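If you read the protein sequences in the order shown, they are chains A and B.
Numbers in the working numbering are just positions in the first sequence, counted from 1, shifted up by 970.
Numbers in the working numbering are just positions in the second sequence, counted from 1, shifted up by 1370.
Everything below concerns the one structure shown next.
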Amino acid sequence: GAVVSQHPSWVICKSGTSVKIECRSLDFQATTMFWYRQFPKQSLMLMATSNEGSKATYEQGVEKDKFLINHASLTLSTLTVTSAHPEDSSFYICSAPWRGRAEDTQYFGPGTRLTVL
Amino acid sequence: QKEVEQDPGPLSVPEGAIVSLNCTYSNSAFQYFMWYRQYSRKGPELLMYTYSSGNKEDGRFTAQVDKSSKYISLFIRDSQPSDSATYLCAMSANSGYSTLTFGKGTMLLVSP
């Protein structure tokens, strides 16, 4: 399988500040990564698709100016929550596609819990 | 009708029981089927991957896909308390590079 990491795992910030979350593919290159948001007891909601070297594609209803995505290299994508507010508090998870001998699917990072005070 | 239906549970079973988890879907274009396990406050972990129809076994886990009925299942044999988690079914029409459609997840509780 493939390993995807995220940093930080947990962040607390004050309202109005910006927070950056990193997603890395550790043992493979990922030209595409996906960012999800998950509220308690709910399933994952796709926010955007991050593409290396080009602009991210955002899902309907997701504010691109609030959730800035930068796919700077083949192993790193970042999500910046700008001017965070308490309603942005959530669990943010990234994933990367992996195509191996026996599978063609997505592997997920461990997630980042954001709490905005 | 939602694209993927999954009973949210919780499903409570005693240790050692056989667990059956299921999802139904409506989009006949889906070809890639996954089961992810998610522990509380953790990211989803890939458990089983199946392309098209058929069965796949890995240790105590068996995944089944019936495309004619648009129905997928995950069986867990000899369930353990450590299996207590939320199980998410996911599927896509194309490769892993395309977006996944998830079920709501089923919470499983295995009591000692």
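The beta-carbon is built from N, C-alpha and C at its ideal position, and this holds for glycine as well.
The model shown is predicted, which means the values in this text are computed figures rather than measured ones.
- If you check the CB distance, R1407/B and R1430/B do not come in under 7 Å.
- Contact note: F1431/B does not reach chain A at a C-beta cutoff of 7 Å; the least C-beta distance is about 14 Å.
- Just measuring C-alpha positions, the residue of L1016/A, D997/A, Q976/A, S995/A sitting nearest T1469/B is L1016/A.
- Listed in chain order, the non-local C-beta contacts of A1026/A below 6 Å within the same chain comprise A1018, S1020, I1039, local neighbours out to five positions each way being set aside.
- Taking all protein chains in view, the Cβ of E1057/A is surrounded by fewer than 16 other Cβ atoms within 10 Å, so the residue is classified as exposed.
- Contacts with chain B at 7 Å (Cβ-Cβ) include D1074/A.
- Listed in chain order, the non-local C-beta contacts of L1087/A below 8 Å within the same chain comprise I982, C983, K984, S985, P1056, local neighbours out to five positions each way being set aside.
- Per DSSP, reduced to three states, the secondary structure at D1058/A is helical.
- Assignment of beta-bridge partners to N1040/A by DSSP yields T1048/A.
- Contact with chain B is absent for P1010/A, since none of that chain's Cβ atoms lies less than 7 Å from the residue's Cβ.
- Between A1399/B and the set Q1434/B, Y1419/B, V1374/B, the nearest pair of CA atoms involves V1374/B.
- According to DSSP, residue pairing for V989/A in a beta bridge involves V1051/A.
- Cβ-Cβ distances below 8 Å link S1423/B to V1435, D1436, K1437, S1438 in the same chain, with the five nearest sequence neighbours on each side left out; the list follows chain order.
- For N1021/A, the enclosing beta strand (DSSP E) stretches over residues 1015–1021.
- Under the Cβ criterion of 7 Å, T1002/A is counted among the residues facing chain B.
- About 4 Å separates the beta carbon of G1413/B from that of F1078/A, a gap short enough to meet the 8 Å contact definition.
- One finds L1416 in chain B with Cβ atoms closer than 7 Å to the Cβ of Y1077/A, taken in chain order.
- The beta carbons of L1444/B and W1405/B sit closer together than 7 Å.
- Each of Y1457/B, S1410/B, Y1419/B was checked against the Cα of R1071/A, and the nearest Cα belongs to Y1419/B.
- Annotation: the continuous beta strand (DSSP E) that includes I1442/B extends over 1441–1446.
- S979/A is the residue among A972/A, S979/A, V973/A, G971/A whose C-alpha sits nearest the C-alpha of Y1062/A.
- Taking a Cβ-Cβ cut-off of 7 Å, the neighbours of W1068/A in chain B comprise G1466, given in sequence order.
- Between T1082/A and Q976/A a beta carbon distance of about 5 Å is seen, short of the 8 Å cut, so the two are scored as contacting.
- For D1436/B, the enclosing beta strand (DSSP E) stretches over residues 1431–1436.
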